[in-house]
């Protein structure tokens, strides 16, 4: 029993502890129990001598002889020891570890398995332990013994892995791992000894640790002191207790205020001069004793710039408190204190408001309550100080204030404790505040002063959350101050306009305004589209920098895409322009130019209203407004004019005229013609000393200095005079035609007339001045007579003003004075392209004979094919309806002409699955198979022909009983009540494609063709040795290839005998891909250029610039997270564009595979950046329309494949991209680029996944070529 009590205890090993130490203890345990031999070996045998009697033949006869033999038998003692050792191991391990070794039969095997599981001697484990050893660092917050234990643990684990490190190396590593407080010890051991041992370093570090702890016992553990130097208490104590006195005798004293020596801060002359006081107290970071002269040190808050968080030792002050795990805060003397949680405290700032301080740390051992200025700075508070006060402002309002007392800034205010809160509840502030509809505290004070309420009923202002929730508003914006001292130092820019704005006379809908902050001069440019902004800014920058010989330094804009793009950003970086942008939905931050745009448009509306001009003249009015603003006093610049500051001289005003006033422009029209024409003044041109006038009769701009003004009249006065002209004087009176923007816009040139600089438009009369005089005569002759209509017989429908009718440009060659001719031309054009929507419309069409002939041809085909029989209408079956479809086929140039086609279609949408049909799937030939066949055609010089099956779906035999009404227009008059029982498939039925495919497959098998196992629409037939004929089927289109044309002709005859076929001759186009073959040079080209041209035209990219790469390297596409970034798919044809490009990629454009794989990921929710990538693809296609697949001859038909992966290319799910391309006979036949289905954990795994996909495609291609009759060697 005594042995059992003294048996050493070993902790249970659960697989996560220190196995090496557990192993050492267990070996000691085995040693005490005498079981080490069975742990190290599982040999339990023992040798036993066995005596046998044998009979040996001698000369004397048989003789019995005893023979001794040794025999190996199990040793019961060792077996008993093994059982005990196994029990000891099992008792000292957890269930988790036991499950891993329970299958072992001996203690030695258990021990060896544990050693392999938890003491892995692999190279990665050895590298890891040595890395831990050589990078070991002591934790300054832990005791030396704890750090030593961690270090020796690593050394022990390395020793168990047979990684031995000498004692001196261990000592050097541990010495370098000591923290900074042991630097003196490090220096002593490094340079004071010739050798080191680990025991010596550990012993010295323990001694140094004790020294540090003893020296800190007398040091203060707080951050603040009332007085620097020796206190009165310190002077009265025994000198032997003041260890710091002797240490400071020979130390030079430095002033913390002026940084000079030989005096301290309280005696600093410079400080006394500035502060105007001779206070002796000051702030100091710990290591000195705290002398507090006030009794309420724990009641006040100290505003401190040295602490990183608000801290207090008063647990009772917290309004809400969250307990957290203990964390440490490092004080100035490297002493740490523990924080036990954080919460919120209410503070009354004595300004009438109660503030909430959040995230205040609770530190029980702290002697002062601290407010962190760093935390206040992070929250947006701005502090100012002086004259013994420190103030914190937020949103230009005073929030906190502190007063300098005893060299510490003490908060002006007190903490609102629970007692205060309870006492405040007695005050009826919430009650009266609620009674009066949450009236403000200021108005409550007004009622108190009026005697309505008593002051004690109001008390102090409290925080009301309901007021915050109900009355919250945006923070007001302060006036922006940029302090620009020179022109172009700071520039504001913005874009105005939208698609809803009336188009100006030059076709513009936007203007780009720029304001110089120093001079407040304004420039304005008129734009047709927003993307012109960048080019206009570059043009403006070059102009103004050349004028004033200064550079633009800062540019403030909003976040519009016209400003936030790669080109704009790169230009600003290259020219050293700093960009300042606004926050989202905060136009107030760009208020200078926003307010200027408002001013401009206010003036525009005033000018147009006064002059009576139409809205189409808004650009001219805006340009004139800017011209005037630059010559108007501005309060921002001391009521000077922007032009005066910009040019350095006072601008002139004598030349300025009234906008919209009547002007007479001098013009020499001949000896007897008037020498002036009447117009309307609309602005000042740029760079020309003249005036811009709109001629009423000519409908054009002119710029001239020879102008006479009649400023008492404006345009609307002329219009009123026109309506007041008597009827009997109309013949001799010149009538003014109203200015119509729709008419004049088409007559203007495409000159950028509204794109002006400095508020002045350019001359737009270049094209107009070239007009013939005949045009002017014609314009003047087109007058309208006005008659005085009395109000008594006035009728709105008859006498209301009519809008001006303008003929279309395509009718210029006709005399369209008679409306009947124009209407006939329009209807004729529509009738030429109209396709009837049903049988009745076809009968009413003027092309009825052609449509009727097409319908008769369709019916003949159906009857010939025995598509149905007439039967009585069943009572329990649903009858399927039908309809006629009419199409005008354009045909193939050189092969077939334009033709009218009619098709009878069943309304298959009324069919029910399981009753009217079962299976609907029908295979079609793969594009890869087509390209493989084209490769064989080029390499083997095969004949390639194409055929089409007429009414292909009509050849399928139906397996279900389907009933259909008789076709419209072809009802049997004798059997009107009967319906059609369908025997063959019909277009529109769900099962028609499948039945046609089955019917065609049965026919091909009767002709000894073999269906490919790898593509069910590829048929081959071996005519002779290595002589094959091939047929590829895509619904009703066929490709036929063979060495001899006679074989193809025989196959065509067989097909025509069974099906109604159309021979298209040599293959020229299949599935939208043009086949261009040159048998002389042995080449074949596969092109989709005509299809891609239509795609470019459909998406209006014909005038776009082409790009050199399918997708730009700057596109980093990911899922859209904000709704504002999404595009409206009903307006933007994202899916349509991606699908159109994808069809080209599948057919003949492998260069588009990566780009399509990228943009097609976002089909469900595309954003604007995704649409930009699609447009980039379209621009690349525009520049590569002539790119084609070229097939040439090669010596063999070997399959070669290439694959690659792009690791973690998906920015959303970190999935990789696989890509491969295969060639047959040197010609590209298969390619693919897509996302991998799983996220690879390494580049190697991503490469293997890509390789797997490529191998599968290679195996399929090898099988397909074998079906074509060409075996491939693996």
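Residue numbers (full-length UniProt numbering): 1 to 1274.
Even for Gly, the Cβ is constructed at its ideal location relative to N, Cα and C.
Item	Value
If you draw a straight line from the C-alpha of residue 302 to the C-alpha of residue 313, how long is it?	13 Å
Does the beta-carbon distance from residue 508 to residue 619 come in below 8 Å?	yes
Okay, do the segment 482-491 and the segment 517-527 touch, 3+ Cβ pairs below 8 Å being the bar?	yes
Using CA atoms only, rank isn't needed, just tell me which of 555, 75, 644 is closest to residue 632.	644
Please confirm whether residue 925 has its beta-carbon closer than 8 Å to some beta-carbon of chain D.	The chain labelled as chain D is not found in the depicted structure, where only one protein chain is given.
Just verifying my parser: in three-state terms, what is the DSSP assignment at residue 147?	helix
Quick one: residues in its chain with C-beta nearer than 6 Å to the C-beta of residue 22, no 5 flanking neighbours on either side, listed in chain order?	13
Could you tell me the boundaries of the alpha helix (DSSP H) in which residue 835 lies?	Neither: residue 835 is in no alpha helix (DSSP H) and is coded neither H nor E.
Which of the three DSSP states is assigned to residue 666 in this structure?	strand
Taking all protein chains shown into account, do 16 or more other C-beta atoms lie within 10 angstroms of the C-beta of residue 1227, making it buried, or fewer, making it exposed?	buried
Across the segment 956-965 and the segment 980-994, are there enough close Cβ pairs to call them in contact, namely three or more that are closer than 8 Å?	yes
Taking DSSP's pairing of strands, which residues face residue 383 in a bridge?	392
Alpha carbon to alpha carbon, how far is residue 662 from residue 494?	34 Å
What runs of the beta strand (DSSP E), each 3 residues or longer, lie entirely inside the segment 838-900?	868-872, 882-889
Per DSSP, residue 496 forms a beta bridge with which residues?	511
Taking Cβ positions, are residue 1061 and residue 947 nearer each other than 8 Å?	yes
By the DSSP assignment, the alpha helix (DSSP H) with residue 171 in it spans what residues?	167-177
From 705, 700, 680, 452, pick the residue whose C-alpha is nearest to that of residue 690; which is it?	705
According to DSSP, simplified to helix, strand and coil, what is residue 358?	strand
Report buried or exposed for residue 91, applying the criterion of at least 16 other Cβ atoms within 10 angstroms of its Cβ.	exposed
Near residue 393, which residues of its chain fall below 8 Å by C-beta distance, leaving aside the five closest residues on each side in sequence?	381, 382, 383, 384, 399
Can you name, in chain order, every residue of its own chain whose Cβ lies under 7 Å from the Cβ of residue 19, other than the five neighbours on each side?	13, 118, 119
Going by C-alpha to C-alpha distance, which of 551, 594, 1088, 160 sits closest to residue 1189?	1088
What are the boundary residues of the alpha helix (DSSP H) that residue 445 is part of?	441-449
Taking 7 Å as the limit between beta carbons, can you name the residues of its chain near residue 38, skipping five residues before and five after?	78, 81, 82, 85, 107, 108
Can you tell me where the alpha helix (DSSP H) holding residue 161 begins and where it ends?	No alpha helix (DSSP H) holds residue 161; DSSP gives it neither H nor E.
So, at 7 Å on beta carbons, what are the nonlocal neighbours of residue 497 in its own chain, with the 5 sequence-adjacent residues on each side left out?	509, 510, 511
Give the DSSP bridge partners of residue 411, in chain order.	402
May I have a chain-ordered list of the beta strand (DSSP E) segments no shorter than 3 residues that lie completely inside the segment 1047-1121?	1061-1066, 1073-1078, 1083-1087
Under a three-way DSSP split, which group does residue 282 fall into?	In this prediction, residue 282 has a pLDDT of 37, which is less than 50 and means its spatial position is unreliable; what the coordinates show is noted afterwards. DSSP places residue 282 in coil when its eight states are reduced to three.
Sort out for me which residues DSSP pairs residue 579 with in a bridge.	555
Suppose you measure from the CA of residue 1195 to the CA of residue 1009; what does that come to, to the nearest Å?	28 Å
In this structure, does DSSP put residue 905 in helix, strand or coil?	strand
Could you give the distance in angstroms between the alpha-carbon of residue 1210 and the alpha-carbon of residue 846?	59 Å
Please confirm whether residue 196 and residue 175 have their CB atoms less than 8 Å apart.	yes
Starting from residue 967, follow its DSSP beta bridges and name the residues at the other end.	In DSSP, residue 967 forms no bridge with anything.
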